[in-house]
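Asker: Numbering (the working numbering), first residue to last: 1 to 401. Before I ask anything, let me first share the structure, which is written out below as structure tokens.
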Amino acid sequence: MFSCRGRTPLLLVPSMMRAGWVVLLLTFSLATEAQTLARHCVGESVQSVTRGHFKYRFHLNDPEGRTGPTVIFIPGGPGQTGFQTPLAYPDEFRVMRTDPRGAGCNASPDLRDQDLTTLETARDLVAAIRELKLQNYILHGISYGTMVATIAAHLTAEEGLPAPKAVVLEGVLGRAFQNGEYDRAYLKHWEERRESLSPAVLQKLEQPQPFGVANHLVAAWLSMLLNYGEYADGSSLLGDQLASAADDSVAFRIRALTRPAEAERARLHRWVTCREIAGDMRDLQFDFDLKAGHLVRSQRRLCDGLTMSTPFDSARWQSPAPLYYFSGGLDPATPPFQADYHFAHQRGPRTLVRVARGGHAALSGALMDCQKQIWNSLATGQDLEPALAACSMATTLQRFP
């Protein structure tokens with residue numbers, strides 16, 4: 001996940017003229033893609049399309065004999081990578097993995113800040129669709145990727161390309177957050193979850209440094225675990241993690257999951273989030289502190305110096321294809337009102353699946369045990385109800401028309 005791309009390397013070589021080792025600082029620029037890109041960003045399965053001076057890379061898994069649609073996976077973030085994300089589509093599907101411009105395999109120091117927009121990432125994606133001459137394809141966006149998918153679907157119609165067979169949105173963003181909305185659900189869900197914790201766990205969380213780790217790191221870890229919602233039996237990953245491990249094990253996991261993001265991703269996240277999603281965002285990772293066992297808003301200010309210049313509104317981007325929403329009732333990152341807004345402001349056919357106790361990954365996480373049946377139904381345009389009946393998690397379904 002983290003790399004040292006872009007750093008100037010140090011080379012140790014034996015000197016034939018003097019005893020010992022000579023440290024040479026190499027200042028030359030690396031000439032080939034293989035030298036400047038991570039290994040998974042090059043190879044036979046990685047293709048690209050160029051827009052202006054920017055080369056947009058994507059990974060296409062295209063083995064012979066696959067008869068299903070091409071699913072285009074669009075990751076969240078902003079700044080997460082789709083190239084290495086574990087995915088579980090039906091075996092007969094072709095899979096196209098993407099990274100947004102400015103991060104992962106599409107990071108580039110030559111991109112200006114003003115080039116880092118959701119609209120430009122969507123245009124990159126549409127250029128790839130045109131290059132591949134796709135006709136039987138599905139857009140699958142998760143979290144921030146739902147913004148990219150929404151805009152890209154609209155652009156296919158504008159540019160006269162075949163529309164997707166379906167647009168699948170998971171952890172849906174319907175519009176920009178307003179007035180502290182983006183973290184309100186985290187605070188609410190944490191207070192509810194605290195009620196079920198044992199006195200021993202609560203006592204640890206109320207310490208000055210729970211598990212021997214700084215408060216803001218523990219807060220980031222807890223908020224991350226809240227994203228998973230609950231299991232079918234009412235238990236949760238958060239509860240399991242807090243109850244079942246020794247302090248040193250918990251501390252190790254907290255530190256591993258809260259390492260600083262690489263510079264390219266941090267730049268993209270700040271520029272897109274502050275201008276398009278949440279103008280009062282406090283930090284890329286550390287929105288909260290932990291005080292006496294309670295999550296509280298941190299005093300950080302990620303968006304200082306930036307204004308919400310292009311707030312996202314899904315109503316502006318009408319889809320030419322059927323929309324399928326998967327929304328978790330316990331999703332604190334994109335609460336249910338976001339999917340409801342998107343659903344209410346589209347004009348075409350659409351289906352909203354609400355997973356009552358699900359979290360942010362309402363399809364790929366909460367409905368993991370039945371997602372292949374769901375995907376097969378999506379690919380063929382069949383009613384989702386039989387597929388949802390196979391799920392262990394309770395769901396409700398709303399459709400229009």
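The C-beta atom is built at its ideal place from N, Cα and C for all residues, glycine as well.
Need the endpoints of the beta strand (DSSP E) that Met96 sits in, please.
Answerer: As a working note, residue 96 is residue 96 in the sequence shown. Unbroken beta strand (DSSP E) run through Met96: 94-98.
Asker: With Ala344 as the anchor, note down where its beta strand (DSSP E) starts and where it stops.
Answerer: Taking the first residue of the sequence shown as 1, we reach residue 344 at position 344. From DSSP, Ala344 is part of no beta strand (DSSP E) but of the alpha helix (DSSP H) over 336-344.
Asker: Less than 7 Å between CB atoms is the rule here; does Pro100 satisfy it with respect to chain B?
Answerer: Of the chains in the structure shown, none is chain B; there is only one protein chain.
Asker: At a cut of 8 Å, does the segment 241-252 reach the segment 327-335 through at least three beta carbon pairs?
Answerer: No, the segment 241-252 does not touch the segment 327-335.
Asker: Which class does Phe252 belong to by DSSP, given the choice of helix, strand or coil?
Answerer: Taking the first residue of the sequence shown as position 1, residue 252 is located at position 252. In this structure, Phe252 counts as helix in the three-state DSSP scheme.
Asker: How big is the Cα-Cα spacing for Ala127 and Val272?
Answerer: Position 127 of the sequence shown, counting from 1, holds the residue named residue 127. Position 272 of the sequence shown, counting from 1, holds the residue named residue 272. Rounded to the nearest angstrom, the two C-alpha atoms are 21 Å apart.
Asker: So, for Ala251: in the same chain, excluding its five sequence neighbours on each side, which residues have a beta-carbon less than 7 Å away from its beta-carbon?
Answerer: Walking along the sequence shown from the start, residue 251 turns up at place 251. Correct list, in chain order: Phe211, Gly212, Val213.
Asker: Would a C-beta distance cut-off of 7 Å place Ile129 and Thr98 closer than the cut-off?
Answerer: In the sequence shown, counting from the first residue as 1, residue 129 sits at position 129. In the sequence shown, counting from the first residue as 1, residue 98 sits at position 98. In this structure, Thr98 does not lie closer than 7 Å to Ile129 by Cβ.
Asker: Does Tyr324 come out as helix, strand or coil in the three-state DSSP assignment?
Answerer: Against the sequence shown, residue 324 aligns to sequence position 324. Tyr324: strand per DSSP, three-state reduction.
Asker: Is the Cβ-Cβ distance between Ser377 and Leu384 less than 7 Å?
Answerer: Along the sequence shown, read from residue 1 onward, the residue named residue 377 stands at position 377. Along the sequence shown, read from residue 1 onward, the residue named residue 384 stands at position 384. For Ser377 and Leu384, yes; Cβs fall inside 7 Å.
Asker: Rounded to whole angstroms, what's the CA-CA distance from Leu111 to Tyr56? Just pull it up for me.
Answerer: Residue mapping note: residue 111 aligns to position 111 of the sequence shown, counting from 1. Residue mapping note: residue 56 aligns to position 56 of the sequence shown, counting from 1. Each residue's alpha carbon lies about 12 Å from the other.
Asker: Using the Cβ count rule (16 or more neighbours within 10 Å means buried), how would you classify Ala88?
Answerer: Numbered from its first residue, the sequence shown carries residue 88 at position 88. Under this definition Ala88 is an exposed residue.
Asker: Do you know how far the Cα of Lys188 is from the Cα of Ser327?
Answerer: Here residue 327 is taken as the residue at index 327 of the sequence shown, counted from 1. Here residue 188 is taken as the residue at index 188 of the sequence shown, counted from 1. Cα to Cα, Ser327 sits roughly 18 Å from Lys188.
Asker: Using the rule of at least 16 other Cβ atoms within 10 Å of the residue's Cβ for burial, across every protein chain shown, is Gly65 buried or exposed?
Answerer: Translated into positions along the sequence shown, residue 65 becomes position 65. It is exposed - the Cβ of Gly65 has fewer than 16 other Cβ atoms within 10 Å.
Asker: May I have the straight-line CA-CA distance separating Leu226 from Glu276, to the nearest angstrom?
Answerer: Your numbering for residue 226 matches position 226 in the sequence shown. Your numbering for residue 276 matches position 276 in the sequence shown. About 24 Å.
Asker: Let's see if you can read the secondary structure: which residues bound the beta strand (DSSP E) around Gln203?
Answerer: As a first step, residue 203 must be located in the sequence shown, where it is residue number 203. Not the beta strand (DSSP E): Gln203 falls in the alpha helix (DSSP H), residues 199-205.
Asker: Alpha carbon to alpha carbon, what distance is there between Thr396 and Gly329?
Answerer: The residue you call residue 329 lines up with position 329 of the sequence shown. The residue you call residue 396 lines up with position 396 of the sequence shown. One C-alpha to the other measures close to 11 Å.
Asker: Grouping DSSP H, G and I as helix and E and B as strand, with all else coil, what is Gly359?
Answerer: For this step, residue 359 is matched to residue 359 along the sequence shown. Gly359 falls in the coil class under three-state DSSP.
Asker: Between the alpha carbons of Ala344 and Phe337, how many angstroms are there, rounded?
Answerer: By 1-based counting over the sequence shown, the position of residue 344 is 344. By 1-based counting over the sequence shown, the position of residue 337 is 337. If I take the Cα positions, the gap works out to 10 Å.
Asker: If you follow the alpha helix (DSSP H) that Val218 is part of, which residue opens it and which one closes it?
Answerer: Here residue 218 corresponds to residue number 218 of the sequence shown, with the count starting at 1. It spans 215-226 - the alpha helix (DSSP H) in which Val218 sits, taken as one unbroken run.
Asker: Can you say whether Arg301 is buried or exposed, counting buried as having 16 or more other CB atoms within 10 angstroms of its CB?
Answerer: For this step, residue 301 is matched to residue 301 along the sequence shown. Label assigned to Arg301: exposed.
Asker: Pick from Val218, Asp369, Leu132: whose alpha carbon is nearest that of Ser48?
Answerer: Here residue 48 refers to the residue found at position 48 of the sequence shown. For the residues Val218, Asp369, Leu132, the minimum Cα distance to Ser48 belongs to Leu132.
Asker: Kindly indicate which three-state DSSP category Val172 falls into: helix, strand or coil?
Answerer: Here residue 172 is taken as the residue at index 172 of the sequence shown, counted from 1. Coil at Val172, not helix or strand.
Asker: Is it right to say Glu158 is buried, meaning 16 or more other beta carbons lie within 10 angstroms of its own, or is it exposed?
Answerer: Taking the sequence shown and counting its residues from 1, one reaches residue 158 at position 158. The residue in question, Glu158, is exposed, as its Cβ has fewer than 16 Cβ neighbours within 10 Å.
Asker: On the CB-based measure, 16 or more other CB atoms within 10 Å of its CB, does Ala50 come out buried or exposed?
Answerer: Here the question's residue 50 lines up with position 50 in the sequence shown. Looking at the sequence provided, one finds Thr at residue 50 rather than Ala. By the 10 Å Cβ count, Thr50 comes out exposed.
Asker: CA-CA distance, Leu323 and Tyr137?
Answerer: Within the sequence shown, the letter at position 323 stands for residue 323. Within the sequence shown, the letter at position 137 stands for residue 137. The straight-line gap from Cα to Cα measures roughly 13 Å.
Asker: Take every Cβ of the segment 253-265, pair it with every Cβ of the segment 362-377, and state whether three or more of those distances are shorter than 8 Å.
Answerer: Not touching, per the Cβ criterion.
Asker: CB-CB under 8 Å to Asp240, same chain, minus the five flanking residues each way: which ones, in chain order?
Answerer: Stepping through the sequence shown from its first residue, residue 240 is reached at position 240. Around Asp240: no qualifying Cβ.
Asker: Drop a sphere of 10 angstroms on the beta-carbon of Val296, count the other beta-carbons inside from all chains shown, and report buried for 16 or more, exposed for fewer.
Answerer: As a position in the sequence shown, residue 296 is number 296, starting the count at 1. Val296 comes out exposed.
Asker: Can you grab the Cα-Cα spacing for the pair Ser235 / Ala389, in whole Å?
Answerer: Working through the sequence shown from its first residue, we reach residue 235 at position 235. Working through the sequence shown from its first residue, we reach residue 389 at position 389. Taking the straight line from one Cα to the other gives about 21 Å.
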